[in-house]
Structures are given as structure tokens and as C-alpha cells.
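S.K.: Using the numbering used here, the first residue of the sequence shown is number 0, and each one after it goes up by one.
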Amino acid sequence: MTDTIRRAIVLGCGSALPARCVTNAELAETVDTSDAWIVERTGIRQRHIAGDGETTGTLAAEAARKAMAAAGVEPDDIGLIVLATATPDQTFPSTASWVQHEIGAKNAFAFDVAAVCSGFLYALGTAESMLKTGMAKRALVIGAETFSRILDWDDRGTCVLFGDGAGAFVLEARDVAAADAASAPGVIATRLHTDGEHGSLLYVDGGPSTTGTVGKLRMKGREVFRHAVVNLAHVLREVLDDAGMTGAEVDWVVPHQANARILDATAKKLSLPPEKVIKTVDIHANTSAASVPLAYDVAVRDGRIKSGDLVMLEAMGGGFTWGASLLRV
Ligand code: UT7
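This is how it looks when you write it as C-alpha cells:
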């Protein structure tokens with residue numbers, strides 16, 4: 000008998016963006032900033048901002064439908080929905096519950112996870128574990144945000160950095176021959192980390208149990224930047240070591256899109272050529288938990304990420320939380 004291992008395989012992906020796109024020049028009309036400053040310090044050129052009737056839930060549902068279409072599965076086939084967000088439609092019920100009903104995935108159990116910009120990595124790790132233990136056969140993993148609704152539009156240090164959007168994966172549990180572990184599709188290795196000591200460097204100054212308000216995003220950008228480069232380089236090495244692989248074997252890195260300079264610095268620390276790094280920060284800005292699946296979907300649809308490729312996903316954000324996941328497409 001052949002030894003097998005269970006893998007969570009990405010069957011398809013999808014994404015969604017609000018209709019309205021706002022350029023740096025447009026922002027500079029109402030905020031004391033300039034296109035030149037934003038591009039030079041962040042690489043951001045534009046962001047999508049949710050309008051009336053567009054919410055984290057509606058964006059998530061649209062991304063989920065596209066991912067199911069790409070995967071060739073029906074809503075009934077989904078057994079689990081894990082939705083990462085820091086900007087839920089309501090405190091409860093979870094946005095995942097709303098999406099479950101909206102897309103008609105009546106066989107799925109559904110819940111949200113909160114790990115801010117690393118949320119998609121946490122959701123992916125959670126879903127992967129549940130698929131591997133047999134709690135579901137197919138899962139929708141979604142990252143969806145409307146950060147525009149928690150920004151202080153008078154704080155130029157933060158309001159220029161973020162955008163809204165959603166991205167989704169459909170995953171399926173499959174048994175593959177253990178001997179083919181390196182070449183078989185699916186999630187190969189994942190590491191997640193938290194360091195609550197630095198919670199005050201990136202946070203929202205409100206919440207149901209403290210102020211009873213939603214609050215606004217606050218960030219000490221320069222300090223977050225410093226931690227991001229160190230933590231990401233460390234977790235990428237951990238995941239490569241777990242997988243017994245080297246950076247040279249990685250075809251694509253799909254990072255959280257916070258700042259083009261963080262992407263460049265992380266790639267350099269790992270000696271990864273910049274052309275292997277998928278960059279969408281210029282067109283999406285920082286969409287928190289949505290940024291990794293949004294960037295992944297762009298690169299799949301434009302033909303860069305192909306079947307058989309080895310892809311590293313990574314993110315770092317409020318908490319601090321950070322993580323990375325290596326998968327074979
Ligand atoms: O997604 C979660 C993870 N988040 C991140 O990873 C974000 C990490 N941090 C960053 O990306 C960068 O730190 C920022 C883009 C947020 C800021 O870049 P920086 O090079 O660290 O700039 P700074 O905050 O040190 O500000 C430099 C100057 C300041 O002026 P003074 O004090 O030098 O006179 C700011 O007041 O730039 C000024 N400034 C602006 N000027 C024009 C800050 N924001 C703006 C703005 N437009 N929007």
C-alpha cells in the first residue's frame with residue numbers, strides 16, 4: 000500500500016473591487032499630501048473605495064462566486080467558509096455567516112477570523128487544518144475589507160495608504176502519495192506568529208467592549224515598517240526550512256501589499272529577484288486581509304502564476320501578527 004498525505008489544494012481563486020477608483024491626485028485635493036510623496040514612500044498610485052451598498056460582505060460574496068466559478072464547484076459543494084476581516088459588516092453575526100446565505104452555501108459552517116493584515120494567512124491555515132482533519136471536504140477562504148470606513152480622513156499619515164477589496168480561494172482536501180510531497184499540489188508548509196507586545200503600534204481606537212464605538216485606525220508607520228521587514232524575512236526562512244526547500248525554488252512570492260519598499264526589502268533579504276514578487280500595491284493600495292488573495296488572483300488571471308508553480312504567500316500586520324504559507328499550484 001502507498002503511503003499518502005492529505006493536502007489542501009487551491010482549486011480556484013477570485014477577487015472583487017469597489018467600482019470607485021481614487022487616484023493620489025484626487026486625494027491630494029482634500030488631504031495635505033501629493034502624488035509624488037505617496038508614490039515615492041509607498042508605491043501606491045490609486046485605491047478602490049467602497050460606495051453606498053458596497054460592504055465587506057458584498058465584496059466577499061462577489062470574490063467567492065468568482066472563485067467557485069474558477070474552481071468549477073457549486074455553492075452546495077462548500078463545507079466551510081473562513082472569512083478574514085478587521086472591518087466586518089456588523090460585530091455579529093459574522094460576515095462569513097452573511098456570505099454563506101448570500102451565495103447559497105447552505106452546507107457550509109462559517110466564521111470570521113481577525114488577524115488584520117495577516118488575516119488571510121490565518122484563515123488559510125485554519126481552513127487547511129480543518130480540511131486535513133476531515134471537518135470539511137471543500138472550503139472557501141476569503142479575505143475582505145472596507146478599511147475606508149475606519150480611516151481618519153484628516154490623518155494624512157494613514158488615510159492615503161489603504162483601499163477596499165476582497166479575494167477568495169476554493170480549497171479541496173485530497174490525498175496525495177507521500178513520495179510526491181514536493182511536487183504534488185496544495186499547501187506544503189505554513190507558519191503563523193503573534194506578538195501582542197506591539198499592539199499599540201497599529202490599532203483601532205474603539206471597539207464594542209471599550210468605547211462602544213467603531214473607532215479609527217492609528218499607526219506608527221515607521222516602527223511598523225521596521226518590524227515588518229525583520230519578521231517577514233524570519234518567517235519566510237522558517238517556512239522554507241519546514242518544506243526543505245530554498246528561495247531559488249520559489250516561482251512567485253505573493254506578499255501583503257503594504258508598501259513597495261517593504262516588498263523590495265524583504266525580497267532582497269532572501270536574495271529573491273524582484274521580478275518574482277507579485278506587486279499590486281500600486282493599483283490596490285493596502286487592502287489588509289484582502290491584499291494577498293487579490294494579488295494572487297491578478298497574477299493567476301494575467302497568466303503569471305500557473306499550475307505546478309511554487310508560490311509563497313506572506314503577510315504582517317496589526318497585533319502584531321505575521322505568517323507565511325508555501326503552496327504548489
Ligand atoms: O498593513 C500593515 C502593515 N503596515 C505597514 O507595513 C506600513 C509600514 N509603514 C510604512 O509603510 C511607512 O512608514 C509609511 C508609508 C506609513 C510612512 O513612510 P515613512 O517614510 O516612514 O514616513 P514618516 O511617517 O516617517 O513621515 C515622513 C514625513 C513626515 O514629515 P516630517 O516630520 O519629516 O516633516 C510626515 O509628516 O512625511 C510626512 N508625511 C506626509 N507627507 C505628505 C506623512 N504622511 C504624508 C503624506 N503626504 N500622506
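Ideal Cβ placement from N, Cα and C applies to all residues, glycine included.
1) On the premise that L262 lies in contact with V291, defined as a C-beta separation below 8 Å, what is that separation, rounded to the nearest angstrom?
2) Output needed for L150: all residues of its chain with C-beta closer than 8 Å, excluding positions within five of it in sequence on either side, in chain order.
3) Taking the alpha-carbon positions, what's the D179 to P272 distance?
4) Are the beta-carbon atoms of D296 and A24 separated by less than 9 Å?
5) For N230, which option in P254, D204, L170 has the closest C-alpha, if you only look at C-alpha atoms?
6) Span of the alpha helix (DSSP H) holding P292?
7) So, is T265 buried or exposed, given that buried needs 16 or more other C-beta atoms within 10 angstroms?
8) Smallest Cα separation from G71: which of L139, P87, A15, H47?
9) Does the ligand UT7 have even one heavy atom less than 8 Å from the beta-carbon of G118?
10) Specify, as a first and last residue, the run of the alpha helix (DSSP H) that D250 falls within.
11) Does the Cβ-Cβ distance between A122 and V115 come in under 9 Å?
12) Does the region 4–22 come close enough to the region 33–48 to have 3 or more Cβ pairs within less than 8 Å?
13) Considering only their Cβ atoms, is the gap separating L120 from A314 smaller than 9 Å?
14) Give a yes or no on whether the C-beta atoms belonging to A298 and L269 are separated by under 9 Å.
15) Considering only the beta carbon of each residue, do A69 and S93 sit closer than 9 Å?
16) Using three-state DSSP, classify N258 as helix, strand or coil.
17) As an exercise, report each continuous beta strand (DSSP E) stretch of at least 3 residues that is fully enclosed by the region 142–209, in chain order.
18) How should E413 be labelled, buried or exposed, when 16 other C-beta atoms within 10 angstroms of its C-beta is the threshold for buried?
19) Is it the case that the Cβ atoms of H226 and F168 are separated by a distance below 9 Å?
20) Tell me the DSSP secondary structure of S14 in three-state form.
21) Is any heavy atom of the ligand UT7 found at a distance shorter than 8 Å from the C-beta of R327?
22) Is any heavy atom of the ligand FAD found at a distance shorter than 8 Å from the C-beta of D31?
23) Spell out the partners DSSP gives E25 in its beta bridges.
24) Can at least three beta-carbon pairs, one atom from the region 195–205 and one from the region 128–147, be found at a separation below 8 Å?
25) Is N230 helix, strand or coil when you go by DSSP?
M.R.: Answer, in terms of the structure:
1) Locating residue 291 in the sequence shown gives position 292, where the first residue counts as 1. Locating residue 262 in the sequence shown gives position 263, where the first residue counts as 1. Between V291 and L262 a beta carbon distance of about 12 Å is seen, past the 8 Å cut, so the two are scored as non-contacting.
2) Translated into the one-based positions of the sequence shown, residue 150 becomes position 151. A distance below 8 Å between beta-carbons, with the five flanking residues on each side excluded, links L150 to the following residues of its chain, in chain order: T157, C158, F161, K215, L216.
3) One-based indexing of the sequence shown puts residue 179 at position 180. One-based indexing of the sequence shown puts residue 272 at position 273. Roughly 28 Å separates the two Cα atoms.
4) The count along the sequence shown starts at 1 and reaches residue 296 at position 297. The count along the sequence shown starts at 1 and reaches residue 24 at position 25. At least 9 Å separates the beta-carbon of D296 from that of A24.
5) In the sequence shown, residue 230 corresponds to position 231, counting from 1. Comparing Cα-Cα distances from N230 to each of P254, D204, L170, the minimum goes to P254.
6) Against the sequence shown, residue 292 aligns to sequence position 293. Looking at the DSSP string, the run of the alpha helix (DSSP H) that includes P292 is 290–300.
7) Within the sequence shown, the letter at position 266 stands for residue 265. Under a 10 Å Cβ-count criterion, T265 is classified as buried, with 16 or more other Cβ atoms of the shown protein chains found around its own Cβ.
8) For the purposes of this step, residue 71 is identified with residue 72 of the sequence shown, where counting begins at 1. The option with the nearest alpha carbon to G71 is L139.
9) Looking up residue 118 in the sequence shown gives position 119. G118: no, Cβ never under 8 Å from the ligand UT7.
10) For the purposes of this step, residue 250 is identified with residue 251 of the sequence shown, where counting begins at 1. Run containing D250: none; DSSP gives neither H nor E here.
11) On the sequence shown, residue 122 is found 123 positions in, with the first residue counted as 1. On the sequence shown, residue 115 is found 116 positions in, with the first residue counted as 1. No.
12) With the cut-off at 8 Å, the region 4–22 and the region 33–48 touch.
13) Position 315 of the sequence shown holds residue 314. Position 121 of the sequence shown holds residue 120. Yes, Cβ-Cβ distance for A314 and L120 is below 9 Å.
14) Counted from its first residue, the sequence shown places residue 298 at position 299. Counted from its first residue, the sequence shown places residue 269 at position 270. Not in contact: A298 and L269 (Cβ atoms no closer than 9 Å).
15) Residue numbering aside, residue 69 sits at position 70 when the sequence shown is read from its first letter. Residue numbering aside, residue 93 sits at position 94 when the sequence shown is read from its first letter. Against a cut-off of 9 Å, the Cβ pair of S93 and A69 comes out as no contact.
16) Counting from one through the sequence shown, the residue named residue 258 turns up at place 259. Reduced to three states, the DSSP call for N258 is coil.
17) You should have 163–176, 185–193, 201–203.
18) Past the edges of the chain, shown from 0 to 328, lies residue 413, and the structure says nothing about it.
19) Working through the sequence shown from its first residue, we reach residue 226 at position 227. Working through the sequence shown from its first residue, we reach residue 168 at position 169. No; because the gap between Cβ atoms is not below 9 Å, this pair is not in contact.
20) By one-based count along the sequence shown, residue 14 stands at place 15. If DSSP states are grouped into helix, strand and coil, S14 belongs with the strands.
21) Your numbering for residue 327 matches position 328 in the sequence shown. False, no ligand heavy atom lies under 8 Å from that Cβ.
22) Among the ligands modelled here, namely the ligand UT7, the ligand FAD does not occur.
23) For the purposes of this step, residue 25 is taken as residue 26 along the sequence shown, with counting starting at 1. In DSSP, E25 forms no bridge with anything.
24) Judged by Cβ distances under 8 Å, the region 195–205 makes no contact with the region 128–147, as fewer than three pairs qualify.
25) Reading the sequence shown from its first residue, position 231 is the one you call residue 230. Helix at N230.
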